[in-house]
Structure formats: structure tokens, C-alpha cells
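*Asks:* After the C-alpha cells below, expect a handful of questions from me.
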Amino acid sequence: MNAKTKAPPAHLPALRQNSSSAASLPDSRAKQALKEAVDAVVNSFAKHTQGYGRVDVVEALQEFWQMKQTRGADLRNGALVIYESVPSASAPYVCFVTLPGGSCFGSFQNCQTKAEARRSAAKIALMNSVFNEHPSRRISDNFIEKAVAEARASFKDVWLLQGEPEEADNPNTGIGAFRFMLETNKGRTMLEFQELMTVFQLLHWNGSLKAMRERQCSRQEVVAHYSNRALDDDMREQMAQDWIAREQENAGALGRELGLAKRELETARLAGRELRFPKEKKDILMMAHNKVNGGSLAS
């Protein structure tokens, strides 16, 4: 199990993921461009908040979110930034960081020490945190209109989002429920909205939304229930049990999905992308795998 320690944001996330997204890793030029962009943002932030000199990026990231909380940001779980190091006996080391609101980022460089991996994760998280302050990242009326239009066009086969254009104001329709979910979070930024989005991404991936539709649950009921539910160990356990059942019905299904999830997470991490959904998928599948096999598997 990954060791977790606590220390004193991307376009609208998709509810549907294509398994072919775990494609080739970023080439060296893309990696260098990413590194230069991250360093530029971190150095600019340091200059404007701490003066010139070497910046402790881990400390700067924590101070950034504490500053947001002091200024009135609605951080339901507090301002703590949580780091998670992937157990490894040798380099390269990997570290993930979860921000208040649920967004997750990971070390994107080839890190030779655990401390270097933590700093790498903090850098990419700080860059996204700074960019997240741009007005275009805040959920506003204009943002909602664009997001609803994009969702209708992109996810025609996702039950939660299905519906005719004129139904967008009816919370009992799929697209209306999506609008309702955004409107109840108006004023928050997309990084602060990430955990709720991840919940619905997981429900779709896991087949739970389809099962709820078959049980005649209304979309409004689904949104109302899960909008107030945290993404916690109980939810992960339930989804892991679903995958154990699938493995029992179709031997090898769990291993194939786990392999896809690992490759997707690795590709996204090295590209510096937001990781909460692919990481949660991998963790849920690892939980299921360990229960089926009665042991642990390297992360």
C-alpha cells in the first residue's frame, strides 16, 4: 500500500475515457518544454511572493492553498496538501500530490531521490494552481453554458448527460442534471470542483450509472446523492467488489483493465496532466486484484 503523508489546477474532465489514450510517452522535446514551462511559472510565483532566491516549492504550494483559504475559498476538507510516495527500492522515484478540492498531479521528471520526486510533483501542482486563478477557470454563467454545450456534443452515449437542447433547464433530464451540478458549484474553480467530477467519472467507468438507470433512479436523485458524498474508502471498496465480480464472470478482465489503467496513469503523469481519475481507477483495480489474489502487486 502506498505510504501517505500530509504536509503543513485542464479542460472540463471527460466522463468517458478512451482506452487507447494510453499511447506513446511524451518525447524528449515535449518533456523539455513542459519542464521549462513549469520552472517559469514556479520562478515567477516565487519572485512575486517570496522575493528572489531559491524557492522551496513544497512549502510554496502549501502556502498558496492556505492563502486561498484565508481569502475565503470554500475548501471543504481544509487547505492541507497531501503527498503520496509510490514505494520503490530504487530510482526513478514517483510521488503524487492531491490538492484541496481533489485534483491530483504527479512527478513528471526522472527523479533519482524521493525528495526530488516530491518537488517535481509540487512544481506541476503549483503551476496548475496558479493557472487555476485565471477567471476563465472559475465556474460562471458563461462557463456553464459552454460546458453544457460541449458535454451535449461529446457524451451522447452517457446516460447522465443525455437529453434534448430544450431540456437543459430541467433537472430531471441528464443534461439538466449536469447543469444543476455546475450551478450548485458556481463561483468555485475547476480544481476545487475536481473531486465531484471524479466521482461521476468513476461511476460511469464502473458501470454504476447504467445500473442506476436500470433501477429507474432519476438523474436528479443520482446527482443530489453523489454531490454530497465524498470519494472515500467505502466508495472505492464498493467499486473494487464490482470488479471482483466481473473477474469471476470473465477471467482475465481485471488484469486487462488494470494494465490499461497503469499505462494511462503513467502516460498522463509524464505529460504533466491532472491525474485524479486515472489514479483512482488504478487504485480501485489494485484493491480488487489484491483481494482476488490474496497478496500485493507492485504499483
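Here our numbering is used: the first residue of the sequence shown is 28, the next is one more, and so on.
We put the beta carbon where it would ideally sit given N, CA and C, even for glycine.
Computed from a prediction, not measured in an experiment: that's the story for all the values here.
1) Please report the straight-line C-alpha distance between A238 and L218, rounded to a whole angstrom.
2) At 3 residues or longer, what runs of the beta strand (DSSP E) sit wholly inside the segment 117-166?
3) Using only alpha-carbon positions, find the residue among F207, A251, E210, R263 that is nearest to W232.
4) With three or more C-beta pairs closer than 8 angstroms as the rule, is the segment 241-257 touching the segment 289-307?
5) Could you name the residues of the same chain whose beta carbon sits closer than 6 angstroms to that of A64, not counting the 5 residues immediately before and after it, in chain order?
6) Can you grab the Cα-Cα spacing for the pair A251 / E177, in whole Å?
7) For I109, which of helix, strand or coil comes out of DSSP?
8) Which residue marks the beginning of the alpha helix (DSSP H) containing D260, and which one marks its end?
9) Taking a contact to mean a Cβ-Cβ separation below 8 angstroms, would you say N137 touches I166 in this structure?
10) How about F135: is its Cβ closer than 7 angstroms to a heavy atom in the ligand FAD?
11) Could you round the C-beta distance between L88 and G299 to whole angstroms and report it? I think they count as a contact, below 8 angstroms.
12) May I ask you to verify whether the segment 120-135 touches the segment 144-161, counting CB pairs closer than 8 angstroms and requiring at least 3?
13) Apart from the five residues on each side of it in sequence, which residues of its chain come closer than 7 angstroms, Cβ to Cβ, to F135?
14) Apply the 10 Å Cβ neighbour rule to P192 and answer buried if 16 or more other Cβ atoms are within range, or exposed otherwise.
*Replies:* Well, looking at it:
1) 29 angstroms
2) 122-125, 131-133
3) R263
4) no
5) none
6) 22 angstroms
7) strand
8) 260-276
9) no
10) Absence of the ligand FAD from the depicted structure is noted, as is the absence of any ligand whatsoever, leaving it without description.
11) Their Cβ separation, rounded to whole angstroms, is 15 angstroms, which puts L88 and G299 out of contact at 8 angstroms.
12) yes
13) L61, S147, I151, R296, L297, G299
14) Reliability fails at P192, whose pLDDT of 49 lies under 50, so the model's placement of it is uncertain and the value that follows must be treated cautiously. So P192 ends up on the exposed side.
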